[in-house]
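Q: Here it is, the structure, as C-alpha cells.
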Amino acid sequence: MSITASPAPLSGGGARARRRRRTGRAMELLATIAALLAIALLLLVIGSVARRGAPALSVSFFTNVDAAFLQSGGGIENSIVGTLIMTGIATAMAVPVGVLLAIFNTEFAPPPLSAAIRMALNVLAGVPTIVIGVFISGLLVVGRGQSAVAASAALAIIMLPLIARSTEEVLLLVPTSLREGGMALGATRARTVLTVILPTSIGGIITATIVAVARAAGETAPIIFTSSIFANAVVTDPSQPMASIPYTIFTKSESPSASDQQQAWAAALVLISVVLLGSIIGRLLSIRTRRQIEQTR
Amino acid sequence: MSIDSPQPFTVPVRTRPRYGDLGLRAVAGSAAVVLVAVMAAIVYQVVREARSSIGQFGLGFLTDSQWNAVTDRFGALDLIWGTLVSSLLALLIAVPVAVAIGLYLSELAPAVLRTPVALMVELLAAIPSVVLGLWGILVMGPFLAEHIEPFLADHLGFIPLFSGTPSSHGLLPAAVVLTIMIIPIVASISRELFTSVPSDLKQGAMALGATRWEMVRSVAIPQVSGGLVAAIMLGFARAVGEAIAVSQVIGGTLNLGWSLFAPADTMAGRIASQSPGAATALQKSSLAYLAVILLVISLITNISAQLISGRIQRRMGIQR
Amino acid sequence: MLRVMRLGTTVLAMGAVALAAACGSSGSSGSSGGASASKVLVGAGSTLVAPLMSQWEPDYTKSSGTTITYGAIGSGGGIDAITTRQVDFGASDAPLSSEQASACKDCLQVPWALAAVVPAYNLSGAPDHLKLTGDVIAKMYLGQITSWDDPAIKSLNPGVTLPSTAVAPVYRSDGSGDSYVWSSYLSSLSPDFKSKVGVSTQPAFSTGTGAEKSSGVAAAVQSTDGAIGYVTVAYITADSLHSALVQNAAGNYPAPTTDAITAAAAAVTTIQPDGSVSLVNPPASAASAYPISTYSYAIVPKSSPKAAQLQAFLTYAITTGQQFGPDLGYPGLPSNIVQHDKQVISQIGS
Chain A
117 MSITASPAPL SGGGARARRR RRTGRAMELL ATIAALLAIA LLLLVIGSVA RRGAPALSVS
177 FFTNVDAAFL QSGGGIENSI VGTLIMTGIA TAMAVPVGVL LAIFNTEFAP PPLSAAIRMA
237 LNVLAGVPTI VIGVFISGLL VVGRGQSAVA ASAALAIIML PLIARSTEEV LLLVPTSLRE
297 GGMALGATRA RTVLTVILPT SIGGIITATI VAVARAAGET APIIFTSSIF ANAVVTDPSQ
357 PMASIPYTIF TKSESPSASD QQQAWAAALV LISVVLLGSI IGRLLSIRTR RQIEQTR
Chain L
2 MSIDSPQPFT VPVRTRPRYG DLGLRAVAGS AAVVLVAVMA AIVYQVVREA RSSIGQFGLG
62 FLTDSQWNAV TDRFGALDLI WGTLVSSLLA LLIAVPVAVA IGLYLSELAP AVLRTPVALM
122 VELLAAIPSV VLGLWGILVM GPFLAEHIEP FLADHLGFIP LFSGTPSSHG LLPAAVVLTI
182 MIIPIVASIS RELFTSVPSD LKQGAMALGA TRWEMVRSVA IPQVSGGLVA AIMLGFARAV
242 GEAIAVSQVI GGTLNLGWSL FAPADTMAGR IASQSPGAAT ALQKSSLAYL AVILLVISLI
302 TNISAQLISG RIQRRMGIQR
Chain H
2 MLRVMRLGTT VLAMGAVALA AACGSSGSSG SSGGASASKV LVGAGSTLVA PLMSQWEPDY
62 TKSSGTTITY GAIGSGGGID AITTRQVDFG ASDAPLSSEQ ASACKDCLQV PWALAAVVPA
122 YNLSGAPDHL KLTGDVIAKM YLGQITSWDD PAIKSLNPGV TLPSTAVAPV YRSDGSGDSY
182 VWSSYLSSLS PDFKSKVGVS TQPAFSTGTG AEKSSGVAAA VQSTDGAIGY VTVAYITADS
242 LHSALVQNAA GNYPAPTTDA ITAAAAAVTT IQPDGSVSLV NPPASAASAY PISTYSYAIV
302 PKSSPKAAQL QAFLTYAITT GQQFGPDLGY PGLPSNIVQH DKQVISQIGS
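Chains as they are written, first to last, in the numbering used here: chain A, 117 to 413; chain L, 2 to 321; chain H, 2 to 351.
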C-alpha cells in the first residue's frame with residue numbers, strides 16, 4: 117500500500133493541480149449528496165406516513181376494533197393490545213437469557229469461547245426473520261394452533277442477539293477498578309457481578325431492551341405463521357392468537373378500500389412513532405450511560 | 002453492529018472454587034447452552050420440514066423453473082433469479098451511496114453535524130419493513146410506474162433491463178425498497194472502518210500533497226477494503242433475506258426475464274406469500290426447502306463476513 | 002452466596018415459566034384456557050365468503066354467545082388449517098381433492114353460501130360491463146391476447162371504442178377457491194388453458210401479476226390501467242370496480258345478479274358423493290344462468306370436541322345467516338341444498 121505522490125504540487129499553479137483539486141471537491145460534493153440522499157429518503161417515508169396517517173388518528177381509532185366488511189370506522193385497539201402483550205412476553209423471554217449470555221461472555225468464558233459465542237450471536241442476528249417464522253411454525257404451531265406465545269418466542273429469538281451484544285458492550289465499559297475493588301473486598305465474582313457491575317450497567321441494559329423492543333414491535337414475518345387468524349375483539353389470553361400492529365398494516369396495505377389504506381397509514385404512523393422514539397431514546401440513553409460509567413473511572 | 006472482539010475481563014485462577022461463582026457460572030453458562038440449542042434447533046427443524054421436498058427434487062430444485070401446485074412440481078430457479086436481480090441491483094445502488102455516507106460521516110462532516118446525521122442514517126434502518134412495503138405499494142410503486150419507468154422505457158428501452166410495460170409491482174420497486182434497507186447497514190460499518198484507519202496514515206498522505214479524495218482512494222479504501230467486502234456481504238444477506246416488503250411490491254409472479262419493470266418473485270417473498278395457503282404437503286415442504294436455501298446463504302455470508310473482519314482486526318491490532 | 006443461588010434460581014424460573022407457557026399452550030383453542038376458550042369457534046379460509054362471514058360473526062355472537070373467529074387467508078390456507086386441525090372449521094370455495102380429503106381424515110363438506118366470481122377490470126376510456134367470452138378471457142391469461150383493442154374483444158363489443166392499452170392479467174398468488182372456480186370455468190371452455198394452466202387453487206398462471214387474497218386482486222386491478230382480475234361480487238360493489246359480462250352456454254350475457262346465480266344453482270341439482278356441486282358453465286338449457294357461479298363450503302371434521310357448537314353455527318349459517326346474503330350479492334341457498342346440508346350437519350359428532 118504505497119502512496120504515489122503526484123509529480124505536480126497541489127498548491128501553486130498548473131492545470132494538473134487544478135484538475136486534482138476540482139476532482140477532490142467534486143467527490144466531496146458527491147459524498148455530501150449521498151448523506152443528503154439518505155436523510156431525504158428518511159424524511160420522504162416518514163413524511164408520507166405522517167401526512168396520510170394523521171387524518172385517521174382519533175380517539176375512536178385507538179378504542180375500536182377492526183370494522184366489519186363494508187363498514188367504516190374501526191380502529192386498532194386489538195392490534196395495539198396484541199403487540200403490547202407479544203412484545204412483553206418476548207422481552208421476558210429474551211432479557212434474562214441475553215443478560216446471562218453477556219455475563220457469561222465477559223466474566224466466565226475464556227477468549228476463544230467468548231469469541232465463538234459472539235460469532236454465534238452475529239450469525240443468529242443474520243438469520244432472515246422469515247426463516248425464524250418457518251422454524252417456530254413447525255415447532256410450536258403445527259398441531260397446536262396459532263398463539264401469541266408462539267409469536268413471542270419468535271420475537272424473543274430475534275431480540276436475543278441485540279440484547280446480548282449491547283449488554284456485553286456495556287458490561288465491558290465498567291472499569292476494571294470496580295471489579296478489582298469487589299474482589300479486594302473479598303466478594304465472590306458472582307456477588308461482584310450482581311451487586312456492583314449489573315447495577316452500574318442497568319442503564320445500558322434498559323437501553324438495549326428498548327431498542328430491541330422497538331425492533332421486535334415492527335416484525336411481521338414471524339407473525340404470519342403464528343398469529344394471523346384471530347378474533348375481531350381484544351384478546352388477552354396469550355395462548356390464543358391476537359391481532360398485532362405490523363400484521364394489521366400488512367393486510368390493510370394490500371386492500372383496495374380507501375378507508376382500509378388510510379387505517380394502514382395511521383397504524384404505520386403509530387408504529388413508526390414508537391419505533392423511532394424508542395431508537396432515539398435508546399441512542400441518547402446509551403450516550404448518557406457511557407458518560408456516567410466513564411465518570412466512575 | 003459490532004463485529005469486533007473485545008477482550009473479556011480475566012481473573013487470576015482461584016485454587017478453591019466459590020459456590021456463588023459456580024452457581025452464577027452454571028446459570029450464565031446455561032444461557033450459552035440455550036443459544037446453541039436454539040441455533041441447532043433452527044437448522045434441524047427447517048431441514049426436517051424440507052425433507053420431503055429435498056428427497057423428491059434434490060439439487061435439481063435449484064435449476065427447475067416450475068412452481069406448479071397442480072402437478073406438484075416445484076423448482077426455485079425463477080425465485081433465485083428474482084432474488085439475485087433485486088438484491089444485486091440494490092447493492093449496486095446502495096453500496097456506493099453507503100460508502101460515500103461513511104466517508105462523509107468520518108471525514109467531511111463538521112463535528113456538530115456528525116451525530117445527528119449518523120442518527121438519521123440509523124433511523125433509516127429502524128423503519129419496519131412492513132411500513133416500507135406500505136409506502137412502496139401506495140406511493141413509490143405508482144410513482145415509478147407513472148414517471149420513472151416510462152422515462153426509462155422511452156430513452157433506454159433498447160436495454161433489456163428497461164424494456165416492457167411499466168408496472169407498479171415489479172423488480173424495480175423491490176430493488177428500491179432493498180436499497181433503502183442496505184444503505185444504513187453498509188454506511189455504519191463503512192463509517193467505523195474509515196474512522197479506524199490510523200490518522201498518521203491519513204495525514205501522511207495529505208502531507209505528501211494528496212487531496213482528501215486522493216488520500217481516501219489510495220490509502221483509506223485499500224486499508225479497509227476487506228472490511229468493506231464484509232459490509233457488502235452483510236448488506237447482501239439482508240437483501241436476500243427480506244420477505245415482507247418485497248412480497249408487498251414485487252408482484253408474486255414466476256419470471257426469468259430481464260425486464261426490471263415486470264413482476265417477479267424472490268425466495269423469501271414466496272415463502273411469505275404462499276405459506277399460509279399452501280395447497281399440498283409437497284408445496285409446504287418446498288417452501289421450507291426455500292427457507293433452507295436462505296439459511297445456507299445467510300450462514301455462509303455471515304460467517305465469511307465475520308472471519309474477514311476478524312482477520313482485518315488482528316492485522317490492524319484493533320482493540321476496543 | 003445463598004442470595005446468589007436464589008437470584009439465579011429466580012432467573013432460571015422466569016425463563017422456565019416462559020418456556021412452559023410456550024409449550025403448555027398445547028392443543029387448539031379447545032383444551033386450555035377454560036370457559037372462555039370453549040365459547041370460541043375458530044375458522045379460516047375463503048376470502049370469497051369473508052364478506053358474508055363478517056356479517057355472521059357479530060350477529061351469531063349476539064344470539065348464541067359463541068364468538069366466531071375467522072381468518073380470511075384463502076381457501077388453500079383454510080383447507081390446510083382444518084387438515085392440521087389448527088382451526089375448528091375451514092372454509093373453501095374449492096371442494097377437497099381426493100388427496101386433500103384423505104389427508105383431512107373424515108372431513109365433511111357443507112355448502113353454506115352461493116356466490117359468483119366476476120371478471121373485474123380497469124380500463125380508462127372504456128365503459129363498464131364490457132362483454133367477454135370464456136375463450137377470450139383464457140387467451141388473455143395465456144398471454145395470447147395482449148391488448149384491449151384486439152379484434153376478438155372488439156367483435157364481442159361492437160360500437161365500443163376500445164383503447165390499445167396492454168392487457169395486464171391479475172391472478173391470486175395464494176391458495177384460492179376463486180382461482181379454482183376461475184380456472185375450472187376457463188378450462189371447461191379452453192383446452193389450451195386446461196393443458197397449460199390447469200384447474201387448482203393455485204393454477205400455474207404463466208403471465209400476469211400475482212396478488213394475495215381477493216382484496217389484493219381488487220387493489221391490483223384498481224391501480225393498474227388495463228388490468229383484469231377475478232373476485233366475487235361483494236368486492237366489485239365495495240371497491241367500485243368495473244365488471245365484465247360473461248357469455249353463458251346459451252349465448253346470453255347475464256349480469257351476476259342473485260337471480261342469475263340462483264338460475265345456475267337450479268340447473269345443477271346433482272350433489273356429488275363428496276358433498277360438492279360444480280356450478281361452473283351450466284348447460285345451455287339454463288338460459289339466464291350466470292356461468293361462473295359457485296358454492297362455498299364449510300369443511301368440518303366428522304368428529305370434533307366442539308361438535309355441538311359447530312352444528313349450531315352451521316345450522317345458523319344455512320338458515321338465519323342467509324338473510325345477509327342478497328345485499329352483498331349472495332343469493333340464498335336453494336332448498337335442496339339446505340335439506341342435504343342438515344343431513345350432513347347431523348353427522349358431526351364427538
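Glycine included, each C-beta is placed from N, C-alpha and C at the ideal position.
Values in this document were obtained by computation on a predicted structure and should not be read as measured data.
Roughly how many whole angstroms lie between the Cα atoms of Trp136/L and Gly163/A?
A: 10 Å
Q: So what does Gly230/H bridge to, in DSSP terms?
A: DSSP lists Ala121/H as partners of Gly230/H.
Q: Could you pull the start and end residues of the beta strand (DSSP E) that Ala127/L belongs to?
A: Unbroken run through Ala127/L is the alpha helix (DSSP H), Ala112 to Ala127; no beta strand (DSSP E).
Q: Counting pairs of beta carbons, one from the stretch 272–286 of chain L and one from the stretch 20–33 of chain L, are three or more of them closer than 8 Å?
A: no
Q: Less than 7 Å between C-beta atoms, sequence neighbours within five positions excluded: which residues of the same chain meet that for Gly66/H?
A: Lys40
Q: Once DSSP output is grouped into helix, strand and coil, what is the label at Ala380/A?
A: In the three-state DSSP reduction, Ala380/A falls in the helix class (H, G or I).
Q: On the CB-based measure, 16 or more other CB atoms within 10 Å of its CB, does Gln310/H come out buried or exposed?
A: buried
Q: What did DSSP end up calling Gln110/H once you bin it into helix, strand or coil?
A: strand
Q: Any residues in the stretch 219–234 of chain A with a beta carbon nearer than 7 Å to a beta carbon of chain L? Which ones, in chain order?
A: So the close ones are Ile219, Phe220, Asn221, Thr222, Glu223, Phe224, Ala225, Pro227, Ser230, Ala231, Ile233 and Arg234.
Q: Kindly indicate which three-state DSSP category Thr263/H falls into: helix, strand or coil?
A: helix
Q: Gln101/H: which of Val88/H, Leu124/H and Gly77/H sits nearest, CA to CA?
A: Residue Gly77/H is the option with its Cα nearest to Gln101/H.
Q: Per DSSP, which one or two residues make a beta bridge with Ser93/H?
A: Tyr298/H
Q: Taking DSSP's pairing of strands, which residues face Ala169/H in a bridge?
A: Ala228/H
Q: Strictly under 7 Å for the Cβ-Cβ distance: is Ile272/L near chain A by that measure?
A: Taking Cβ atoms only, chain A reaches closer than 7 Å to Ile272/L, which makes this a yes.
Q: Terminal residues of the continuous beta strand (DSSP E) containing Ile69/H?
A: Thr68 to Gly72
Q: Report, in whole angstroms, the separation of the C-beta atoms of Gly228/L and Ser310/L, which I expect to be a contact under 8 Å.
A: Taking a contact as a CB-CB distance under 8 Å, the pair Gly228/L and Ser310/L counts as one, their CB atoms being some 6 Å apart.
Q: Measuring CA to CA, which of Arg173/H, Pro112/H and Leu190/H is closest to Asp136/H?
A: Leu190/H
Q: Would you say His170/L reaches chain H, if we count a Cβ-Cβ gap shorter than 7 Å as a contact?
A: Output row for His170/L: interface = yes.
Q: Along the beta strand (DSSP E) that carries Gly199/H, what are the first and last residues, could you check?
A: Looking at the DSSP string, Gly199/H is not in any beta strand (DSSP E), and its letter there is neither H nor E.
Q: Quick one: residues in its chain with C-beta nearer than 7 Å to the C-beta of Tyr317/H, no 5 flanking neighbours on either side, listed in chain order?
A: Tyr61
Q: Using the C-alpha atoms, what's the distance from Leu287/A back to Asn221/A?
A: If you take the alpha carbons of Asn221/A and Leu287/A, they lie about 10 Å apart.
Q: Going by C-alpha to C-alpha distance, which of Thr148/A, Ile318/A, Arg281/A and Thr364/A sits closest to Ile196/A?
A: Thr364/A
Q: Mind checking whether Ala349/A and Val181/A have CB atoms under 7 Å apart?
A: For Ala349/A and Val181/A, yes; Cβs fall inside 7 Å.
Q: Listing by chain order, which chain A residues have their CB less than 7 Å from the CB of Ala220/H?
A: Glu370, Ser371 and Pro372
Q: For Asp94/H, count neighbouring C-beta atoms within 10 Å of its own C-beta (all shown protein chains included) and say buried if the count is 16 or more, exposed if not.
A: It counts as buried.
Q: If you compare alpha carbons, which of Gly83/L, Trp82/L and Gln67/L is closest to Gly76/L?
A: Gln67/L
Q: Mind the definition here: the stretch 145–160 of chain L touches the stretch 87–96 of chain L only if three or more C-beta pairs lie below 8 Å; say whether that holds.
A: no
Q: For a minimum of 4 consecutive residues, which ranges assigned as the alpha helix (DSSP H) are wholly contained in the stretch 218–305 of chain L?
A: 222–242, 245–250 and 268–275
Q: Would you list, in chain order, the members of the stretch 284–315 of chain L that have their beta-carbon closer than 7 Å to a beta-carbon of chain H?
A: none
Q: Mind checking if Tyr181/H is an interface residue toward chain L, Cβ cutoff 7 Å exclusive?
A: False, the Cβ-Cβ gap to chain L never drops below 7 Å.
Q: Using 10 angstroms around the beta-carbon of Phe177/A, count the other beta-carbons present and answer buried if the total reaches 16, otherwise exposed.
A: buried
Q: Listed from N- to C-terminal order along the chain, which residues in the stretch 207–224 of chain L have their beta-carbon within a distance smaller than 9 Å of any beta-carbon of chain A?
A: Leu209, Gly210, Ala211, Thr212, Arg213, Trp214, Glu215, Met216, Val217, Arg218, Ser219, Val220, Pro223 and Gln224
Q: Smallest Cα separation from Thr336/A: which of Ile248/A, Val175/A and Pro315/A?
A: Ile248/A
Q: Please classify Leu49/H: does DSSP put it in a helix, a strand, or coil?
A: coil
Q: Give a yes or no on whether the C-beta atoms belonging to Ala265/L and Gly142/L are separated by under 7 Å.
A: no
Q: Tell me, please, whether the CB atom of Glu193/L is closer than 7 Å to any CB atom in chain A?
A: no
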